[in-house]
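**Q**
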Amino acid sequence: MNTLKQYECTVIIDGGLQDDAIASAMELVKTTITGKGGVINNVLEVGRRKMAYLIRKSSIGYYAHIEFDAEPSVIAEVERVFRYEEAILRFLIIQLSSPLLEMRKRVEKYSVMLGSPEDQVEPEADASAKKS
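Sequential numbering of the sequence shown, starting at 4, is according to our numbering.
1. Give me, in chain order, the residues of the same chain whose beta-carbon lies closer than 6 Å to that of Leu95; leave out the 5 immediate sequence neighbours on both sides.
2. So what does DSSP say about Ala55, is it helix, strand or coil?
3. In terms of residue numbering, what span does the beta strand (DSSP E) encompassing Gly64 cover?
4. Are Glu11 and Ile63 close, meaning C-beta to C-beta below 8 Å?
5. Closest to Ser27 by C-alpha separation, out of Tyr65, Asn45, Gly41 and Leu57, would be which residue?
6. Where does Leu95 sit, in a helix, a strand or coil, going by DSSP?
7. Going by the beta-carbon positions, is the gap between Leu92 and Ser61 smaller than 8 Å?
8. DSSP three-state call for Glu11: helix, strand or coil?
9. Apply the 10 Å Cβ neighbour rule to Val32 and answer buried if 16 or more other Cβ atoms are within range, or exposed otherwise.
10. Please report the Cβ distance between Phe71 and Ile43, rounded to the nearest whole angstrom; I am assuming they are in contact, meaning their Cβ atoms lie under 8 Å.
11. How many angstroms separate the CA atom of Arg52 from the CA atom of Ala90?
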């Protein structure tokens, strides 16, 4: 009897594609996971970002992060589909263990208390904009 385990998947899609091609690649990723018996919990589409190095002669990638529940046997099938998809430049699927989930809760707790550095930069930018 297999039980569902928690996984997270980060996918980099070729950023040089048109928006509709990226949307269809994201739909393929979602349908692949759900079609194999997975249940998607959260999808975070980060968007286009410049990559640190070229992958298949592409310097811009569309980043997406998906959290889902699935049986361990499903992961190999999902990876096989991702590997043969031309639009997907890179992907990484990891299993979320209980220590990792506890660490994530602590990070979320302290980031809410302290605030992110991005939140602290914005008031300075607003002040300099008002002086101009």
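The beta-carbon is built from N, C-alpha and C at its ideal position, and this holds for glycine as well.
**A** According to the structure shown:
1. Thr13
2. In the three-state scheme derived from DSSP, where H, G and I count as helix and E and B as strand, Ala55 is classed as strand.
3. Ser61 to Ala73
4. no
5. Per the Cα distances, Tyr65.
6. strand
7. yes
8. Here DSSP, grouped into helix, strand and coil, assigns Glu11 to strand.
9. buried
10. 5 Å
11. 15 Å
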